[in-house]
Structures are given as C-alpha cells and as structure tokens.
Amino acid sequence: MKLTPHVLTVFAAFFRQMRCHRLYTAINVMGLALGLATCLTFGLIARYEFTFDQWLHGASGIYRLDAVNVQDGRASEIADAPFRVYDALKAAFPEITHATRIRPDNISIITADDVRSSNALYVDPDFFETLPYPLVRGDAASALSAPNSIVLSEERARTYFHTINVIGQKLTVDHDGRKAELIVTGVLSHVPGNVTLQPDMLIPIDSAMLASPAFLQWGVEGGYVFFRLHAASDAKRLQGAMVPFSLEHVPAQVREAGELRDWRLRPLPSLHFLDGTLGVSSASRNSVIMLGLIGFLALLSAIINTINLSTARGLLRAREVAMRKTLGATGGDLIIQFMGEAILLAVCAAIPALALIEIAIPTINALGGWDVAIPYDLLIPALLVLVILVGMVAGTYPAFWLSAYQPARVLAASRMATMGRLGAVVRLGLVVIQFGFAIGLSVSSVVILRQSVFVRDMDRGFDRNGLLFIPFIDNIGTPTAQLALMDAFRNVAGVTTVSSFYTMPGDFGFSAADYFSPLNAPDQRPRLEWQDVGRDYFRLFGLHLIAGRLFDDAHGEDDQQRGKGIHSVVIDASSARALGYTTPQAALGQTIRKHTDRAPWHVIGVVNDVRLNSARSAPLPSIYFYSSIPYRFSSAGVRFENRPEHDVEANLRTIWQSRAPDLAFSALLANDLLSHDYRGDERRGELLAIGVGCTLAWVVMRNWLSGFDARIPLSPLYFAAVFVAALLVAALTVLFQTLNVARAEPARALRAE
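In terms of numbering that gives the first Met the number 0, the sequence shown opens at residue 0 and continues consecutively.
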C-alpha cells in the first residue's frame, strides 16, 4: 500500500517527537490511557447496572406483583406479596400465561462429613416457564414436577458432588426441622452477576408449606409472585383492574387496616433500581449515573491535559512551523499533521488503556461488589471509536493554533513565540478546570468516606460490642428444646445474657409491623414495628428505661403465655409520640389495640429508640411483647465479655451440634451485620480516583447524602481543606521547578537557545 505524503509526514513528525521528547510523550500517553481506561471501566459498570435481568429470554414480558399498603393517605409499596393472591390472580386474569411463587429460605444440607447452611428458593412447578433460567443439565419442563426434586446451581453441584453430572443423585436436606431426601433433577447454567434472583437451589413448594400462614392468610407476605403475560399491552389493563381485584378478594378487615389496597405490576428489568428505592437492596440509579459521569469527566480531564501539554510544547515548535511554511507547507497541511499526531498519540494510549482495564476490573469488582466481565467484542470497537474522537478533540485546538503562526514574525523574533493574550486565557482556563476536577474528586471521596465512618460509628441506641446472634433457633425443635438450648448457652464461660426475639440488626431475621391505636383515640393509627421478646431482651441490647418498668416474671400479666385478658406491652419513645402521648410518662397505664387481632395491651414502660435497620431509611417506632416461650421465627442473642469472640462461637457451636447434629450452625456478630450498612459506600468512595468539578461535587454529594435518613452535614470545610491541599501541592511544584532553574548552568541554557 502506497502511503500519501501527508501520512508519511504525520508518522515522521510523530516518531521524531517521540524520540526527542520521550518524557513528554510518556506523560501524554499515560494520561490519555488513564482517562480512556477510567471512562471505559466506569462505562462497563454503568452497562452492568442498567442491564440487570435483560439476559433472560423475554424479560420485558415478566412481571413481579408488589403489594401496596396505605398509611395516613400515603401509598407504601413492598416487594413481597401474600401468597393467597396466587390462585385468585390466575383465575381472575386469563392474560397470565404462567406464574410462580418464590419463597427464599435457609436450609441445612446434610452430607456424610458435614452439615452446611444454604439459601434455597421454594417455587411452583411453573417456575421455568415463568422465569426461563437455562439448565446445563436436565429438562426444564419436568425438573420441578416431582415434590422431592431439587435443581442446583453449577457452584452447588460442584460443592456437594465435585461435578455437574449429578442428575439422579440424592441430597439430604433439613428445612424447619423436617428432613427429606431430594433427587437432583437439573443443574442451572452459570448466571451472570447482574440478575435480581441468584438461585443456589430450587425446590418445589411442599404440602407443609402450603398449610402455613404465609400461604393461607392475606395479611402475611410470603415472598415474591412473578408471572408472564401474553403481551406487553396486557400490563396496562391489568394494572387498572388491581383496585377492583382487591375489593373483590381481600378481606375487609385487612383493607381497613390499610393493607393490600392496591398492587403494582413491575417489569423484571425495572426491579434492580426499584428495589433500591423500596429498601430491598442498596442499588441506586443516581450512584450509577454519578460513576458514569465521573468516567466521562476523567476522560475530559485527560483530553484537557493533552491539550495543555500540546500547546506548551507547541511554543517550542513555533520555529519548526515557520520553517515548514517558508518551504511551502500550507495551513491545511499543518492542521492535518498536528491532528494526525494527536490521533496517533491516542492510538498509542489505547494499548496501556486495555491493560489498565484488565488490571482494574478485578479490583473494581471486589470494591463495589460487582461481577463485571469484559466484553471484548463490544469494548474493542468502542475503544477504537473513542480513540479517534479523543484524538480529534485533543488535537483540534493545538492544530489550529500552531498552524496560525506567521513565519516572518516568528523567525524575526529574538525570543520564543508566545500564545498571545487569548491563547494564554484559554490555557489558563483549561488548567483551572483540571484543578477543579481534581479538587472536586477529592471532596467527593472525603464526603463519601466521612459518611461511611459516621454510619459505622453512629449511636444506634444499643451496645453492639460483644453481641452475637444465632438466627431462627425455632428450627431446632419445640419451644421446650429452644429454652433448653438458651439455658445451655447461658452456661458458656464469658456469656452474661441470652434472650430470644424476632428482629436482628441490619435488616436480618424476621420482622413484622401493624397498625396500633390508643383505646381512647381509635382514629390515630400509626404503623409500628412489633416483636415478641424473651427474658432479658432489654438487658441483652442494653436499652435504657425512660419511664415505667420493664417486663417481670413476677407480674403474670406481662407474659402472653399466662392466662387471658389484657397483657402488658413496652413501647419506645417514638411509639409514644406516634400514638399521641406528649411525654413518655403520659403513655404509662394507657391501653392500645393492635388492629389485625384487635387485642388490647396495657403500656407499662417506655424505652429509648433503637435503629436496627439501615441508615438510609427512617426506622419504624417499635413495640415489644413479652413471651416466656419462643415463638416461630425466633432468633437468639448472646452477650459476652472478657473472651475472644471465636472462642465463644466455638462453644456455642458445640452445644448446637450436640442438640441438632443435622442442622447447620450459624452465628452472626452485631458489628458484622451492621457493616453491610456502610461497607459498600466505603468501598465505592475508594473508586473515586479521577476528576470531578467542585460545583458538580457539591450537587452530587448533596443528592447522595439525601438518600440517608441519618447523615453528616455537607460542610464547606471539606472543600476548603482539599483546596488548601491543592494549593500546597501547586506551591511545592513551582518551588521545585524554580530551584531547578536557579541551579541550571548558564552555558547550557545559552547552548539550547
């Protein structure tokens, strides 16, 4: 192929610059490479987040049914739905072709040498028709047809059998104390990370579950309900028919309590960010957009850096330009040359950019909790297009500015050419923008990390140190067996307190809420979170009594298990206010009702508020009932001191295994549970290694902080501190360069001139 003179000139000039100015070229290449890599890496993250569930065939025609409750005239959507709706929904709407209930649960896998805990999804046989997850082994049409069947993920198949050729193999499981031998009928293909449902194993819903309250009662959310429609146009009609559907099927008592007033049909691809707004996950559309914007600004900063370096180097090439014009080169020839050099520079940056992406993706995945893969069939074309665009943008201003030099004026001048007043202003503006990006980035990092520290160390109303939880001790057997287990835990060295309850910190465990009202003010009906607690619950969490007294076995009316009539209840300070009492003392002796069962309760005490849930959402006021015998879904809490946590955990494990050898033991520290509240943001803050402007940083950080119910103030001190640090770096840089010039030998400088 014969190269044109222009192309030869461009290559010759570019390689001459590379040879003569190696440091300048290296800085330019690495700056562009870092900008390209950051832009594309964050672009891959944005693509990963915005394409959740879209890999599933026909995803746009799959819907989840969300229940909508109403409190004080405000609609509140929840991702779960009562399973009673399942049969009624299919009967009322023939547009639904397939549907499945999905109940997440924890089970024990019993092998010859171990008992392991695993997550399972209990589903209807129509699961694969509704959500067509591909199988690498087995037949989707029949895999869940038998009641004793089980479908495993590839990972679980290799864990339990060391191969994926496991069709017909048997697996012993224990669920809620019921042991069963299941036959493996399928193995799921590898599922990408950006999927709302990540099944470890699928098990058909059994007869015992069908008889439980979660499947029989309208007021109990059992899990998820997914369905597939004939056509997308059917969704609008179904949505419009949901209120009449509730009027026809939901009992009046449930509706009067504000529950199940309406329903929302949510397409599967929309669930990822929707669940973030509902509090089901930490997904945030704004955070992803912020990362994408930062990636773009990083590339823009790299382009500005290239323009600044090119114009600075261009001052030294003024005589070269003048000589070429004298020898007949036109302005167009020079523009082509300098634009070509800029594009070649961007091409050279593409290779290290790819290497940086390869290096960065594993770290990015670890920090952000993603599973981003590198799609080279998409990445390479995108990189090539980006390289050409970046080269053209970065080369336009230097090319037009350099080609405008007048040969006579430059050759006649006794000193180096200057950029002129306008050129100096432009270059100064670009430098200011660069520093703005750097300062803004630092501010964003400081704010995010400071908020993470605040959430980590905030007062949640209870003492989290030396606190350990064993979830769902009801799996171990009868209430008597559970009480015996907790008595054994109390005898472990270092253990000071043991109690039972429903809700653990960090949105773990079982939780329940209902509408309550004072007996003398039935129209005041706040929604309060309630739970049954055992002996020493308030001592376990270290709650403080504000007014009245706590539960006491000497008072028979405190215990729900003793007799009938009005029992006692303890509420927190927020519940007292929500129920209309002006002070905690005013709540003492009052009678309140719980709306689902109309039971009366006598307030005997008020304790301080606690925050067990995420800092992103406001906590519901809490109300406590005392039960000397643990209820279903109860967990146990253990407080210990003066012993290492792993020693205490080992002793508790030994006791558990002696009483329930077929059940997996699980122990969770309060600090570990609460770390989920800030760890993700802390890691994302570490990703900000690129530029963002100060004004943009203020807007972005203000919007980000608005997602927290508990948050730090956005102080100007963060901006001032980072700005002073940037000035210090700049001053030291100028001082270093000045000292170098002052020490330079005059003869060498004259020779160069």
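We put the CB at the ideal spot given by N, CA and C, even for glycine.
For this session: Report all residues from its chain with a CB closer than 6 Å to the CB of MET241; omit the five preceding and five following residues, and keep chain order.
Result: Sequence index remark: in the sequence shown, residue 241 carries index 242 (1-based). Once the five neighbours on either side are set aside, the close Cβ partners of MET241 are ASP261, TRP262.
For this session: Return the Cβ separation of ASP527 and SER621 in integer angstroms, given the expectation that the two are a contact with Cβ distance under 8 Å.
Result: The count along the sequence shown starts at 1 and reaches residue 527 at position 528. The count along the sequence shown starts at 1 and reaches residue 621 at position 622. Before going further, note that residue 527 is Leu rather than Asp in the sequence given. Indeed they touch by this definition, with Cβ atoms about 7 Å apart.
Exercise. How big is the Cα-Cα spacing for LEU366 and ARG136?
Worked result: Translated into positions along the sequence shown, residue 366 becomes position 367. Translated into positions along the sequence shown, residue 136 becomes position 137. Here the alpha carbon of LEU366 sits roughly 33 Å from the alpha carbon of ARG136.
Exercise. What do you get for THR694, buried or exposed, if any count of 16 or more other CB atoms within 10 angstroms of its CB means buried?
Worked result: Within the sequence shown, the letter at position 695 stands for residue 694. Residue confidence for THR694 is low, a pLDDT of 38 falling below 50, so the modelled location carries little weight; the figure read from the coordinates is stated next. With fewer than 16 Cβ atoms within 10 Å of its Cβ, THR694 is classed as exposed.
For this session: Would you kindly report the start and end of the unbroken alpha helix (DSSP H) that includes TRP655?
Result: Reading the sequence shown from its first residue, position 656 is the one you call residue 655. 644 to 658 is the extent of the alpha helix (DSSP H) around TRP655.
For this session: Note down, in chain order, each residue of its chain lying with its Cβ closer than 7 Å to the Cβ of LEU264, except the 5 sequence neighbours on either side.
Result: In the sequence shown, the residue the question calls residue 264 occupies position 265. Within the same chain, TYR62, LEU64, ALA234, LEU237, GLN238 come within 7 Å of LEU264 by CB-CB distance, once the 5 residues on both sides are set aside.
Exercise. My guess is that THR305 and GLY42 are in contact by the Cβ rule of under 8 Å, so how many angstroms apart are they, rounded?
Worked result: Along the sequence shown, one-based indexing puts residue 305 at 306. Along the sequence shown, one-based indexing puts residue 42 at 43. The C-beta separation of THR305 from GLY42 comes to about 20 Å, leaving the pair out of contact by the 8 Å criterion.
Problem set entry | DSSP-derived helix/strand/coil call for GLU556 | Here residue 556 refers to the residue found at position 557 when the sequence shown is read from its first residue. The answer is helix: DSSP assigns GLU556 an H, G or I state.
For this session: Could you tell me which residues DSSP puts in a beta bridge with GLN530?
Result: Looking up residue 530 in the sequence shown gives position 531. Here GLN530 is bridged, per DSSP, to TYR623.
For this session: If I'm right that LEU120 touches ILE101 with Cβ under 8 Å, what's the distance once you round it to whole angstroms?
Result: Reading the sequence shown from its first residue, position 121 is the one you call residue 120. Reading the sequence shown from its first residue, position 102 is the one you call residue 101. For LEU120 against ILE101, the beta-carbon gap comes to about 5 Å, under 8 Å, which counts as contact.
Exercise. In whole angstroms, what separates the C-alpha of ASP125 from that of ILE109?
Worked result: The residue labelled residue 125 in the question sits at position 126 within the sequence shown. The residue labelled residue 109 in the question sits at position 110 within the sequence shown. Approximately 27 Å, taken between the alpha carbons.
Exercise. Are there 16 or more other CB atoms within 10 angstroms of the CB of VAL384, so buried, or fewer, so exposed?
Worked result: For the purposes of this step, residue 384 is identified with residue 385 of the sequence shown, where counting begins at 1. VAL384 is exposed by the Cβ-count criterion.
Exercise. Per DSSP, what kind of secondary structure is PHE632 in: helix, strand or coil?
Worked result: Taking the sequence shown and counting its residues from 1, the one referred to as residue 632 is at position 633. It is coil, neither helix nor strand.
Exercise. Are PHE507 and PRO478 closer than 8 Å when you measure CB to CB?
Worked result: As a working note, residue 507 is residue 508 in the sequence shown. As a working note, residue 478 is residue 479 in the sequence shown. No.
Exercise. ILE334 to ALA341, Cα distance in whole Å?
Worked result: Along the sequence shown, one-based indexing puts residue 334 at 335. Along the sequence shown, one-based indexing puts residue 341 at 342. So the two alpha carbons sit approximately 11 Å from each other.
Exercise. Unbroken beta strand (DSSP E) runs of length 3 or more, entirely within the region 153 to 207: which are they?
Worked result: Complete beta strand (DSSP E) runs here, min 3: 169 to 174, 177 to 187, 200 to 203.
Problem set entry | Collapsed DSSP secondary structure at ARG21 in the structure displayed | Residue numbering aside, residue 21 sits at position 22 when the sequence shown is read from its first letter. Here DSSP, grouped into helix, strand and coil, assigns ARG21 to helix.
Exercise. Since GLY257 and TYR514 are thought to touch, with beta carbons under 8 Å apart, how far apart are those beta carbons, to the nearest angstrom?
Worked result: If you number the sequence shown from 1, residue 257 lands on position 258. If you number the sequence shown from 1, residue 514 lands on position 515. Contact holds; Cβ gap of about 6 Å.
Exercise. For LEU754, which beta-bridge partners are listed by DSSP?
Worked result: The structure shown does not extend to residue 754, since the chain spans only 0 to 752, so no value can be given for it.
Problem set entry | Assigned exposure category for ARG232 - 16 Cβ within 10 Å defines buried | Taking the first residue of the sequence shown as position 1, residue 232 is located at position 233. With the sequence shown as reference, residue 232 is identified as Ser, and Arg is not the correct amino acid for it. Label assigned to SER232: exposed.
Exercise. Anyone know if the C-beta pair for LEU542 and VAL494 falls short of 8 Å?
Worked result: Residue 542 sits at position 543 when you count from the first residue of the sequence shown. Residue 494 sits at position 495 when you count from the first residue of the sequence shown. Against a cut-off of 8 Å, the Cβ pair of VAL494 and LEU542 comes out as no contact.
Problem set entry | At least three beta-carbon pairs within less than 8 Å, the region 182 to 192 to the region 150 to 159 | The region 182 to 192 is in contact with the region 150 to 159.
Exercise. Where are the beta strand (DSSP E) runs, 3 residues long or more, that stay fully inside the region 558 to 621, in chain order?
Worked result: DSSP runs (the beta strand (DSSP E)) wholly in the region 558 to 621: 566 to 571, 590 to 593, 598 to 606.
Exercise. Buried or exposed: which applies to ALA90, given that a residue is buried once 16 or more other Cβ atoms fall within 10 Å of its Cβ?
Worked result: Residue 90 sits at position 91 when you count from the first residue of the sequence shown. Exposed, since its Cβ has fewer than 16 Cβ neighbours within 10 Å.
For this session: Would you be able to state if there are at least three C-beta pairs under 8 Å between the region 264 to 279 and the region 66 to 74?
Result: Contact between the region 66 to 74 and the region 264 to 279 is absent, because fewer than three Cβ pairs lie under 8 Å.
Exercise. What residues match up with PRO212 in a beta bridge as DSSP calls it?
Worked result: The residue you call residue 212 lines up with position 213 of the sequence shown. DSSP, once it has assigned bridges, lists no residue as partnering PRO212.
Exercise. Where does VAL452 fall in DSSP's three states?
Worked result: The residue you call residue 452 lines up with position 453 of the sequence shown. Here VAL452 sits in helix by DSSP.
For this session: Would you please state the rounded distance, in angstroms, between the beta carbons of LEU228 and THR96? I believe it to be under 8 Å.
Result: Within the sequence shown, numbered from 1, the residue matching residue 228 stands at position 229. Within the sequence shown, numbered from 1, the residue matching residue 96 stands at position 97. Confirmed, Cβ separation roughly 7 Å.
Exercise. Cβ of ASP52 within 8 Å of Cβ of THR184?
Worked result: On the sequence shown, position 53 is the one that residue 52 refers to. On the sequence shown, position 185 is the one that residue 184 refers to. No, Cβ-Cβ distance for ASP52 and THR184 is not below 8 Å.
Problem set entry | Given 8 Å, three or more beta-carbon pairs between the region 664 to 672 and the region 635 to 654 | Contact holds: three or more Cβ-Cβ distances are below 8 Å.
Exercise. Do you know offhand how far GLN481's Cα is from LYS178's?
Worked result: Counting from 1 along the sequence shown, the entry for residue 481 is found at position 482. Counting from 1 along the sequence shown, the entry for residue 178 is found at position 179. Spanning the two alpha carbons is a distance of roughly 18 Å.
For this session: Note down the Cα distance separating ILE358 from ALA381, rounded to an integer number of angstroms.
Result: Along the sequence shown, one-based indexing puts residue 358 at 359. Along the sequence shown, one-based indexing puts residue 381 at 382. ILE358 and ALA381 have their C-alpha atoms spaced approximately 19 Å apart.
Problem set entry | Rounded C-alpha distance that separates ASP138 from SER144 | By one-based count along the sequence shown, residue 138 stands at place 139. By one-based count along the sequence shown, residue 144 stands at place 145. Spanning the two alpha carbons is a distance of roughly 10 Å.
Problem set entry | Collapsed DSSP secondary structure at VAL84 in the structure displayed | Within the sequence shown, numbered from 1, the residue matching residue 84 stands at position 85. DSSP places VAL84 in helix when its eight states are reduced to three.
Problem set entry | Alpha-carbon spacing of PHE537 relative to GLY465, whole angstroms | As a first step, residue 537 must be located in the sequence shown, where it is residue number 538. As a first step, residue 465 must be located in the sequence shown, where it is residue number 466. Straight across, the Cα-Cα distance linking PHE537 with GLY465 is about 15 Å.
Exercise. Nearest CA to the CA of VAL28: which residue from TRP655, LEU298, HIS554, TYR580?
Worked result: Counting from one through the sequence shown, the residue named residue 28 turns up at place 29. Between VAL28 and the set TRP655, LEU298, HIS554, TYR580, the nearest pair of CA atoms involves LEU298.
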